[in-house]
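Take any residue in the sequence shown, count from 1 to its spot, add 1103: that is its number in this note's numbering.
Glycine is no exception: its CB is placed at the ideal position from the N, C-alpha and C atoms.
Encoded as structure tokens, the structure appears first; notes follow it.
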Amino acid sequence: MPNRLPSLIVLLALASTPVLAQDSATEDAAVVQSRSFLNSHPDLRYRIAGMKAYQKSQYAEALRYFRLGAYYADKPSQAMVAEMLWKGEGADRKRVEGYIWMDLAAERLFKDLIIKREQFWSELSADERTQAIKAGQSFYNKYGDAVAKPRVEKILERDRRNITGSRVGFVGTLKIEIPGPGGMPILINGEDFYQDKFWKPEAYWSWQNVTWKALPTGTVTTSELKPVAPEKKP
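Shown next as structure tokens:
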């Protein structure tokens, strides 16, 4: 199954600073990479921490962070758990579990992750495929979007309300100071920090989806896709 896709680790490195893939505004870049923002976005916080550990070859630590990101509905984190378990990085090699994690990562139908999932499936034995289908539902019960997204959404709503002091989210002339390059503070307008795409669930997931789809892809040759997720409709 030949392909010229960039490696998964390269794609996820690009996805780890999502605002840079679609916005050139300095304010947006400063917001997304700030500690105050990441404290309220555990999906991105743990993904970035996992990428940093992975790039230092601290695989056990990276796997721990990616599992945390996966718990908060981060599909790139789920893909990295899959890749690491498939290769045996940071833990014993577990091909069946690695496949299940990649199936989870492909839940939102991102093209590159579907291709990775199908590559894994094609290499499983018949017995391994049976095991994956049997065990898969329990992973969806804990990490699938239906249960994982609400964990993030609850935090977004809580922190947006607590920081603004308003249940309706009015920010008015609010100014937020965040650390800039070299430790120099940057003042951000409240309306920039609390843009809908960063805090309102539907807009937030749409922003992430657009970011992932904007990542560079290559030419692929693959077989017909197979239904693999147990009791799950596309």
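How many Å lie between lysine 1252 and asparagine 1142 at the Cα? Taking the first residue of the sequence shown as position 1, residue 1252 is located at position 149. Taking the first residue of the sequence shown as position 1, residue 1142 is located at position 39. Those two C-alpha atoms are separated by around 16 Å.
Comparing C-alpha positions only, which one of Val1199, Arg1170 and Met1187 sits nearest to glutamine 1234? The residue given as residue 1234 occupies position 131 in the sequence shown. That would be Val1199, whose Cα lies nearest to the Cα of glutamine 1234.
For the pair the region 1289-1304 and the region 1236-1250, tell me if three or more CB-CB distances fall below 8 Å. no
Taking 8 Å as the cut-off, does the region 1185-1194 touch the region 1163-1176 (at least 3 CB pairs, one atom from each stretch)? yes
Find the nearest neighbour of leucine 1188 within the set Pro1145, Ser1225 and Arg1170, judged by alpha-carbon distance. Start at 1 with the first residue of the sequence shown, and residue 1188 comes out as number 85. Cα-wise, what sits closest to leucine 1188 is Arg1170.
CA nearest to the CA of tryptophan 1315, picked from Glu1260, Gly1293 and Ser1180: Reading the sequence shown from its first residue, position 212 is the one you call residue 1315. Looking at the Cα atoms, Ser1180 is the closest of the given residues.
Taking its Cβ as the centre, do 16 or more other Cβ atoms sit within 10 Å of glutamate 1294, making it buried, or is it exposed? Counting from one through the sequence shown, the residue named residue 1294 turns up at place 191. Glutamate 1294 is exposed by the Cβ-count criterion.
The alpha helix (DSSP H) that contains tyrosine 1246, what's its start and end? Taking the first residue of the sequence shown as 1, we reach residue 1246 at position 143. It spans 1229-1246 - the alpha helix (DSSP H) in which tyrosine 1246 sits, taken as one unbroken run.
Is the beta carbon of arginine 1220 sitting closer than 8 Å to the one on alanine 1229? Within the sequence shown, numbered from 1, the residue matching residue 1220 stands at position 117. Within the sequence shown, numbered from 1, the residue matching residue 1229 stands at position 126. Cβ atoms of arginine 1220 and alanine 1229: not closer than 8 Å.
Out of Ile1217, Ser1160 and Ser1139, which one is the CA nearest neighbour of alanine 1185? Numbered from 1 along the sequence shown, position 82 holds the residue referred to as residue 1185. It is Ile1217 whose Cα lies nearest to the Cα of alanine 1185.
By how many angstroms is the C-alpha of asparagine 1265 removed from the C-alpha of glutamate 1305? Position 202 of the sequence shown holds residue 1305. Position 162 of the sequence shown holds residue 1265. Each residue's alpha carbon lies about 20 Å from the other.
Buried or exposed, going by whether 16 or more other CB atoms sit within 10 Å of the CB of valine 1134? Taking the sequence shown and counting its residues from 1, the one referred to as residue 1134 is at position 31. Buried: at least 16 other Cβ atoms inside 10 Å.
Backbone secondary structure at leucine 1212 - three-state DSSP: Position 109 of the sequence shown, counted from the start, is the residue given in the question as residue 1212. In the structure shown, leucine 1212 sits in coil (DSSP, three-state: anything other than H, G, I, E or B).
On the CB-based measure, 16 or more other CB atoms within 10 Å of its CB, does alanine 1249 come out buried or exposed? Translated into the one-based positions of the sequence shown, residue 1249 becomes position 146. It is exposed - the Cβ of alanine 1249 has fewer than 16 other Cβ atoms within 10 Å.
Counted within 10 angstroms of its Cβ, other Cβ atoms place valine 1313 as buried (16 or more) or exposed: As a position in the sequence shown, residue 1313 is number 210, starting the count at 1. Looking at its Cβ environment, which holds fewer than 16 other Cβ atoms inside 10 Å, valine 1313 is exposed.
Just the Cα atoms here: how many angstroms apart are aspartate 1206 and isoleucine 1258? For the purposes of this step, residue 1206 is identified with residue 103 of the sequence shown, where counting begins at 1. For the purposes of this step, residue 1258 is identified with residue 155 of the sequence shown, where counting begins at 1. One C-alpha to the other measures close to 26 Å.
Helix, strand or coil for glutamine 1136, going by three-state DSSP, please let me know. What you label residue 1136 is simply residue 33 of the sequence shown in a count that begins at 1. In this structure, glutamine 1136 counts as coil in the three-state DSSP scheme.
Could you pull the start and end residues of the alpha helix (DSSP H) that alanine 1173 belongs to? As a working mapping, residue 1173 is identified with position 70 in the sequence shown. Run containing alanine 1173: 1162-1174, per the alpha helix (DSSP H) assignment.
Less than 8 Å between the C-beta atoms of phenylalanine 1254 and alanine 1173, yes or no? Here residue 1254 refers to the residue found at position 151 of the sequence shown. Here residue 1173 refers to the residue found at position 70 of the sequence shown. A small correction: the amino acid at residue 1254 is arginine; phenylalanine does not occupy that position in the sequence shown. No. Outside cutoff.
Residue environment, arginine 1270, which counts as buried when at least 16 other CB atoms sit within 10 Å: Within the sequence shown, numbered from 1, the residue matching residue 1270 stands at position 167. Caution is warranted here: a pLDDT of 45 is assigned to arginine 1270, below 50, making its placement in the model unreliable, and the coordinate value is therefore given only provisionally. Result: exposed.
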